[in-house]
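First up is the structure itself, then whatever we jot down about it.
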Amino acid sequence: MSPISLAKRAQLCKPSPILMLAAKAAEMKAAGHNVISLSIGEPDWDTYDNIKEVGIGAIRVGMTKYTPANGIPELRKAIAEQTSQDLGLSYDPSQVTVSSGAKFILFSALQTIVDPGDEVILVAPFWASYTTMVELAGGEPKIVVCDEDVDFKLTPELLRKAITPKTKAILLNSPSNPTGKVYSREELTKLAAVLRDHPKVAIISDDIYNRLSFESKIAPHLLHVAPDLRDRVIVLNGASKSYAMTGWRIGWALGNKEIISAMTAYQSQSVSCAVAISQQAAVEAIRNSETQVAQTVQKLRERRDFLIEELKKIEGVRLSVPEGAFYLWINVQPFIGKSHKGKVIRSSEDISVALLEDQFVAVVPGNEFGLEGFLRLCYTLEKEKGREAVERMKNFFYALK
Ligand SMILES: Cc1ncc(COP(=O)(O)O)c(C=O)c1O
Numbered sequence: 000m001s002p003i004s005l006a007k008r009a010q011l012c013k014p015s016p017i018l019m020l021a022a023k024a025a026e027m028k029a030a031g032h033n034v035i036s037l038s039i040g041e042p043d044w045d046t047y048d049n050i051k052e053v054g055i056g057a058i059r060v061g062m063t064k065y066t067p068a069n070g071i072p073e074l075r076k077a078i079a080e081q082t083s084q085d086l087g088l089s090y091d092p093s094q095v096t097v098s099s100g101a102k103f104i105l106f107s108a109l110q111t112i113v114d115p116g117d118e119v120i121l122v123a124p125f126w127a128s129y130t131t132m133v134e135l136a137g138g139e140p141k142i143v144v145c146d147e148d149v150d151f152k153l154t155p156e157l158l159r160k161a162i163t164p165k166t167k168a169i170l171l172n173s174p175s176n177p178t179g180k181v182y183s184r185e186e187l188t189k190l191a192a193v194l195r196d197h198p199k200v201a202i203i204s205d206d207i208y209n210r211l212s213f214e215s216k217i218a219p220h221l222l223h224v225a226p227d228l229r230d231r232v233i234v235l236n237g238a239s240k241s242y243a244m245t246g247w248r249i250g251w252a253l254g255n256k257e258i259i260s261a262m263t264a265y266q267s268q269s270v271s272c273a274v275a276i277s278q279q280a281a282v283e284a285i286r287n288s289e290t291q292v293a294q295t296v297q298k299l300r301e302r303r304d305f306l307i308e309e310l311k312k313i314e315g316v317r318l319s320v321p322e323g324a325f326y327l328w329i330n331v332q333p334f335i336g337k338s339h340k341g342k343v344i345r346s347s348e349d350i351s352v353a354l355l356e357d358q359f360v361a362v363v364p365g366n367e368f369g370l371e372g373f374l375r376l377c378y379t380l381e382k383e384k385g386r387e388a389v390e391r392m393k394n395f396f397y398a399l400k
C-alpha cells in the first residue's frame with residue numbers, strides 16, 4: 000500500500016472497463032486461446048495507405064517538433080472547411096482546436112465549461128467514458144434513461160423534464176455508441192425547440208461517427224435544423240473512426256471562439272499539442288480519403304447485415320437495425336436469471352464474463368453504458384469470425400438452465 004493517499008479525483012477515476020476487458024481478452028489470446036473480440040470499438044482494417052505515406056513523409060522531412068497548441072494551420076483549415084460543408088455553416092480555422100483524440104477533446108470541453116455542482120445531461124445508453132469525465136470536471140451526470148420504448152433516443156418530453164436551473168450542458172452522440180442509432184432531422188428539430196427555451200445550456204455534439212452513416216453521407220445534425228444554436232454547440236469529431244486512425248490520436252472541436260480558446264489554453268497546459276506527425280496525416284485523411292470512407296461504409300453495412308442475420312438464429316436475443324457507427328446493441332434480458340454451470344447469471348456483466356471464460360468471445364455488458372440487460376457487439380470484424388462468434392454465443396445461451 001502506498002504511504003501517499005490518492006486525491007479524491009483519482010479515486011473517482013475508474014479505469015476504462017472496455018479497455019480492461021480488451022486486455023483480458025488479449026491475455027487469453029496470448030495464453031493460446033482462440034479468442035474472438037467484439038469488444039473494442041475500432042476498425043480491424045489498417046489506416047488507409049495514402050494517410051500512412053503522409054505520416055512517414057512527415058517524419059522524413061522532420062515535422063517532428065511541437066506544434067501550436069490548437070493544431071497546425073493546415074489541419075485547422077481542413078477541419079474548418081470539412082465541417083462547414085458537413086453542417087452547411089461557415090467555420091473559420093480560428094474556431095477550431097485540435098488535440099490528442101476526441102476523448103481528450105471532450106475532457107477538455109468539460110473541464111472548460113463545467114463547474115462543481117453543474118449538471119450535465121447524459122442520454123443512456125451512452126459511451127462509457129461520459130460519466131467519469133463529467134465527474135472529473137466536478138459536474139453531476141444527470142442520466143436520462145432512454146430504453147427500447149423510445150428507440151434508445153432522447154425525446155423532447157424527457158429532455159424538458161431533465162433540464163433544471165443547474166443544467167450546464169447536454170451531451171448528444173449520433174450515430175450513437177453503443178446503439179448505432181441516428182437521430183432524424185425531425186427528432187432533432189423537436190429537441191432544438193426545447194433547447195431554445197434554455198439559452199444557458201451548452202450542447203456538446205459528439206460527432207465521431209458522423210461519416211459512418213448508412214442512410215446518408217453525413218448523419219443528420221442538430222445544426223442542420225437549428226443553425227441559430229451554433230454559438231452554444233461544441234462540435235466534437237476526430238480521425239479515429241472514419242479514417243481507421245485510432246492510434247494516431249487526433250481529435251478536434253469547433254465552436255464559439257471564447258470556448259475554443261479556453262479549451263486550447265487547457266490543452267496547452269496539459270498535453271501541449273497533438274502529435275505533429277499525426278496532424279500532417281490527418282490533413283491527408285480529411286482532404287483525400289472520401290473514396291475509402293465510402294468503401295468502409297459499404298463494408299460495414301455488409302458486416303452489419305450479415306451479423307444481424309446470424310444473431311436472428313439465437314432464440315431470445317432481440318435487436319434493431321443500427322443506422323450508423325459499428326455496433327449492435329442486443330437485448331439479452333431473457334437470459335438473465337438463468338444459470339451457467341450452476342451459477343446464476345444476474346446481469347449482462349455476468350453474461351460477458353462467462354461468455355469470455357467459457358466460449359472465448361469478448362463483448363461489452365450494457366451496464367457500462369448505463370442500461371442493464373443488453374450487450375454491445377462491435378462488428379468491425381470479418382464475416383467468418385462474426386459467424387463463429389455468434390455460433391459460440393448460441394452454444395453459450397442455449398446451455399443456460
Ligand atoms: C462516442 C465516442 N466519442 C469519442 C470517442 C473517442 O475517440 P478518440 O479519442 O479515439 O478520438 C469514442 C471512442 O470510442 C466514442 O465511441
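In this note's numbering, the protein residues as written are 0 to 400.
All residues carry an ideal CB built from backbone N, CA and C; glycine is no exception.
Supposed close pair residue 127, residue 370 - CB separation, criterion 8 Å: For the purposes of this step, residue 127 is taken as the residue at position 128 of the sequence shown. For the purposes of this step, residue 370 is taken as the residue at position 371 of the sequence shown. No, residue 127 and residue 370 are not in contact; Cβ-Cβ is about 11 Å, not under 8 Å.
Sub-8 Å separation of residue 329 and residue 395 beta-carbons: Position 330 of the sequence shown, counted from the start, is the residue given in the question as residue 329. Position 396 of the sequence shown, counted from the start, is the residue given in the question as residue 395. Cβ distance not < 8 Å, so residue 329 and residue 395 don't count as in contact.
Enclosing beta strand (DSSP E) for residue 205 [first to last residue]: In the sequence shown, the residue the question calls residue 205 occupies position 206. Element bounds for residue 205: 201 to 205.
Where residue 383 falls, given that 16 or more other Cβ within 10 Å makes a residue buried: Here the question's residue 383 lines up with position 384 in the sequence shown. So residue 383 counts as exposed.
Simplified DSSP state of residue 375, which is helix, strand or coil: Numbered from its first residue, the sequence shown carries residue 375 at position 376. Strand.
Nearest candidate by alpha-carbon position, reference residue 87, set 225, 138 and 213: If you number the sequence shown from 1, residue 87 lands on position 88. Of the listed residues, the one whose Cα sits closest to residue 87 is 225.
Residue 102 beta carbon near ligand 1 (any heavy atom closer than 7 Å): Walking along the sequence shown from the start, residue 102 turns up at place 103. Yes, ligand 1 has a heavy atom inside 7 Å of this Cβ.
When 273, 381 and 357 are compared against residue 66, the one with the closest alpha-carbon: Taking the sequence shown and counting its residues from 1, the one referred to as residue 66 is at position 67. Per the Cα distances, 273.
4 or more residues per run - each alpha helix (DSSP H) lying fully within the stretch 115 to 200: 128 to 135, 155 to 161 and 184 to 195
Pair within 8 Å by beta-carbon distance, residue 284 and residue 238: The sequence position of residue 284 within the sequence shown is 285, counting from 1. The sequence position of residue 238 within the sequence shown is 239, counting from 1. Taking a C-beta distance under 8 Å as the contact criterion, residue 284 and residue 238 qualify as a contact pair.
Sequence-distant residues of the same chain with beta carbon closer than 6 Å to residue 157, five excluded per side: As a working note, residue 157 is residue 158 in the sequence shown. 143, listed in sequence order.
Three-state secondary structure (DSSP) of residue 231: Locating residue 231 in the sequence shown gives position 232, counting from the first residue. Helix at residue 231.
Beta-bridge pairing of residue 36 - partner residues as DSSP gives them: As a first step, residue 36 is located in the sequence shown; it is residue number 37 there, counting from the start. According to DSSP, which records beta bridges pairwise, residue 36 is partnered with 361.
CB contact below 8 Å: residue 355 versus chain C: The question asks about chain C, but that chain is absent: this structure has only one protein chain.
Per-residue DSSP class, three states only, for residue 77: Start at 1 with the first residue of the sequence shown, and residue 77 comes out as number 78. Looking at residue 77 - three-state DSSP - the assignment turns out to be helix.
Classification of residue 397 by the beta-carbon crowding that lies within 10 angstroms, buried from 16 upward: To locate residue 397, count along the sequence shown from 1; it is residue 398. Burial call: exposed.
Residue 239 beta carbon near ligand 1 (any heavy atom closer than 7 Å): In the sequence shown, counting from the first residue as 1, residue 239 sits at position 240. Yes, the beta carbon of residue 239 sits closer than 7 Å to at least one heavy atom of ligand 1.
Proximal residues to residue 73 (C-beta, below 7 Å), its chain only, five neighbours per side dropped: By 1-based counting over the sequence shown, the position of residue 73 is 74. Cβ within range, chain order: 282.
Beta-ladder partner(s) of residue 98, from DSSP: For the purposes of this step, residue 98 is identified with residue 99 of the sequence shown, where counting begins at 1. Residue 98 is bridged to 250.
6 Å CB neighbourhood of residue 385 in its chain, flanking five on each side removed: Locating residue 385 in the sequence shown gives position 386, counting from the first residue. Excluding five sequence positions before and after residue 385, the CB atoms of its chain that fall closer than 6 Å to its own CB belong to 306, given in chain order.
beta-carbon residue 209 near ligand 1 non-hydrogen atom, thresh 7 Å: Position 210 of the sequence shown, counted from the first residue, corresponds to residue 209. Taking the Cβ of residue 209 as the reference point, every heavy atom of ligand 1 lies at 7 Å or farther away.
Which of helix, strand or coil DSSP assigns to residue 87: Residue mapping note: residue 87 aligns to position 88 of the sequence shown, counting from 1. Coil.
Test item: CB-CB of residue 460 and residue 348 under 8 Å: Residue 460 is absent from the structure shown; the chain starts at 0 and stops at 400.
Range covered by the beta strand (DSSP E) that runs through residue 255: For the purposes of this step, residue 255 is taken as residue 256 along the sequence shown, with counting starting at 1. Taken as a continuous stretch (DSSP letters only), residue 255 belongs to no beta strand (DSSP E), as it is neither H nor E.
Residue 126 CB to nearest heavy atom of ligand 1 below 7 Å: Start at 1 with the first residue of the sequence shown, and residue 126 comes out as number 127. Indeed, a heavy atom of ligand 1 lies less than 7 Å from the Cβ.
From 322, 76, 120 and 70, residue whose alpha carbon lies closest to that of residue 99: Taking the sequence shown and counting its residues from 1, one reaches residue 99 at position 100. The shortest C-alpha separation from residue 99 is found at 70.
Residue 37 Cβ short of 7 Å to ligand 1 heavy atom set: Along the sequence shown, one-based indexing puts residue 37 at 38. Incorrect: residue 37 has no Cβ contact closer than 7 Å to ligand 1.
Whether residue 361 touches residue 24 by CB criterion (8 Å): Here residue 361 refers to the residue found at position 362 of the sequence shown. Here residue 24 refers to the residue found at position 25 of the sequence shown. Yes; because the gap between Cβ atoms is below 8 Å, this pair is in contact.
Reference residue 257, options 52, 108 and 81, closest by Cα: Residue 257 sits at position 258 when you count from the first residue of the sequence shown. For residue 257, the nearest C-alpha among the options comes from 108.
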